[in-house]
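Below is one structure, written out as structure tokens; comments come after it.
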Amino acid sequence: MPLFIGFTEVGKPGLYLLSCWEDYKRGLCAEIADPLEQAFFGFRCRLPAAVQHYFDNGGEACLVYSAATYSEVFSHAAPGLLAALCSEDMFYRITRQSGIAALAMPDLSVLDDGSVDAGEEFIGAWQRMLAFCRCLRIPFSVQDVPSHPDAARTCLALAKKTLGAEYCISHWR
0 MPLFIGFTEV GKPGLYLLSC WEDYKRGLCA EIADPLEQAF FGFRCRLPAA
50 VQHYFDNGGE ACLVYSAATY SEVFSHAAPG LLAALCSEDM FYRITRQSGI
100 AALAMPDLSV LDDGSVDAGE EFIGAWQRML AFCRCLRIPF SVQDVPSHPD
150 AARTCLALAK KTLGAEYCIS HWR
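Going by numbering that gives the first Met the number 0, the letters in the sequence shown line up with residues 0 to 172, in that order.
If you want it as structure tokens, here you go:
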């Protein structure tokens, strides 16, 4: 079963088991015409699109960990984003689950503004997620790389060193 980690429009932080896209819309989306068009402070929300595409392509049940709402994220300073995405509460809740076969963290891109400092935040999040995959023996992970080239190389080197292989798709601005 895949696990999506990110931010949601509404709802409390926590782990949610979803069996269809309607479950996501009912519990984690605001009352808007098109949840995929929702944006906060100019940032286009990535988690709703990732979850919808999963279900649109025949995906069955999945887990979603909401670290915080988008409004909460964008009302705090950047260091809080890494803490929200990699909290101890998240690790505790998820380690109690069995059968997680894939990890995706589409909202990791919220950390990326192209600067070196943002790259450091990204690297920290990558280290936590790679350690998490190793600890839980999650065989597949999809993570964005930062747009700063040095930070991207560091993240890819971490993946190769930690997991022994790298399959990376990145969005370069």
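All residues carry an ideal CB built from backbone N, CA and C; glycine is no exception.
Quantities reported herein were computed from a predicted structural model and do not represent experimental measurements.
| Item | Value |
| --- | --- |
| Beta carbon of G13 nearer than 9 Å to that of S74 | no |
| Rounded C-alpha distance that separates V9 from V63 | 13 Å |
| C44 beta carbon less than 9 Å from that of Y53 | no |
| 9 Å Cβ cutoff met for L46 and P105 | yes |
| First and last residue of the uninterrupted alpha helix (DSSP H) at S70 | Y69 to F73 |
| Where A76 sits in the DSSP three-state scheme | For A76, the pLDDT reaches just 43, beneath the cut-off of 50, and the residue's location in the model is therefore unreliable, although a value from the coordinates is still provided. Coil, per DSSP. |
| Alpha-carbon spacing of G57 relative to G98, whole angstroms | 18 Å |
| Exposure label - D149; buried when at least 16 CB within 10 Å | exposed |
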